[in-house]
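Residue numbers (this note's numbering): 1259 to 1550.
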């Protein structure tokens, strides 16, 4: 990001207009990213209107649990390749040397530029994120800068539009803590036989579909009059319909595409997004007004 500061000192004024909107300058700002998965990290943010900044480091921090996130370590883990062995302290000497030393420096810079591109291709990051943006209905930049809740809200808005419904925008303030699923403490020790474990598939969506839980079916008992209600046993609510259609179509497409040679590429377009299955409990607790 320091390259944006250099042109200002050399009076290259047009350089700061990197976006596609005329007369909107790109300004470098400090940003703080904090989440349970990535922890607390300082970051630099540069606005470039009309262009998507695809930061490979943020993707690796968000999607992969590695021992180290340096380019050298990540490249060796996924590509079995490493950077050129050039210490930062000798870069100036290599530049001021002869043709051979400058060639070594050029190879070092070229390798630093090629390795991220190979990682993007190997991990299929761009394709997978594009498909995820299409499935969830959010911009690509939201997947890189926003949390899980915005994906859930986006799908609710899409389903509500199909049913001619509107989601109210209301501010919900609550300091109540909520509990996750019960986790049984393991019996620690050394076992010389395989240990079998059981887990639920799509636990929270399954519960919601089984009991037809939704914003539209939740009624406040304080405003219900006993003489003015009617019980409907077979009405599928908004949230239930959204998850049922998403899960059923996803699993049907997965079974059809298992023989596809590009299975790893096309499958994110049909798998249910991780936000409904993993974060739906917290999303419903926070309410629509707190979508991040």
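Positions of the beta carbon are idealized from the N, C-alpha and C atoms, including for glycine.
How big is the Cα-Cα spacing for residue i and residue j?
i	j	result
residue 1306	residue 1400	15 Å
residue 1300	residue 1449	42 Å
residue 1283	residue 1461	47 Å
residue 1426	residue 1405	21 Å
residue 1304	residue 1274	10 Å
residue 1326	residue 1332	7 Å
residue 1464	residue 1457	13 Å
residue 1408	residue 1393	13 Å
residue 1277	residue 1452	56 Å
residue 1317	residue 1402	7 Å
residue 1323	residue 1389	22 Å
residue 1413	residue 1420	11 Å
residue 1424	residue 1308	29 Å
residue 1357	residue 1291	43 Å
residue 1351	residue 1444	57 Å
residue 1541	residue 1455	28 Å
residue 1346	residue 1442	49 Å
residue 1387	residue 1321	11 Å
residue 1471	residue 1286	45 Å
Taking the alpha carbon of residue i as the reference point, which residue from the options has its own alpha carbon closest?
i	options	result
residue 1366	1343, 1469, 1454, 1397	1343
residue 1341	1364, 1351, 1463	1364
residue 1398	1312, 1285, 1359	1312
residue 1418	1473, 1469, 1451	1473
residue 1466	1453, 1355, 1455, 1497	1497
residue 1281	1272, 1356, 1452	1272
residue 1410	1371, 1424, 1440, 1395	1395
residue 1310	1469, 1391, 1445	1391
residue 1315	1375, 1454, 1470	1375
residue 1339	1359, 1345, 1370	1370
List the whole-angstrom C-beta distance separating residue i from residue j, where the pair is believed to meet the contact cut-off of C-beta under 8 Å.
i	j	result
residue 1613	residue 1373	The chain is shown only over 1259 to 1550; residue 1613 falls outside these bounds and no answer can be derived.
residue 1336	residue 1381	7 Å
residue 1378	residue 1384	6 Å
residue 1361	residue 1353	The pair is not a contact, with the Cβ atoms about 11 Å apart (cut-off 8 Å).
Under three-state DSSP, which class holds residue i?
i	result
residue 1278	coil
residue 1233	As shown, the chain starts at 1259 and ends at 1550. That puts residue 1233 outside it, with no answer to give.
residue 1465	helix
residue 1475	coil
residue 1389	helix
residue 1424	coil
residue 1342	coil
residue 1320	helix
residue 1300	strand
residue 1272	helix
residue 1351	helix
residue 1443	coil
residue 1366	helix
residue 1259	With a pLDDT of 47 at residue 1259, under the threshold of 50, the modelled position of that residue is not reliable, and the figure given next carries that caveat. Here residue 1259 sits in coil by DSSP.
residue 1470	coil
residue 1541	helix
residue 1547	Low per-residue confidence applies at residue 1547: pLDDT is 47, beneath 50, and the placement is therefore not dependable, though the value from the model is reported in the following sentence. Residue 1547 falls in the helix class under three-state DSSP.
residue 1453	coil
Name the DSSP bridge partner or partners of residue i?
i	result
residue 1360	Paired residues: none, contrary to the question.
residue 1286	1304
residue 1291	1299
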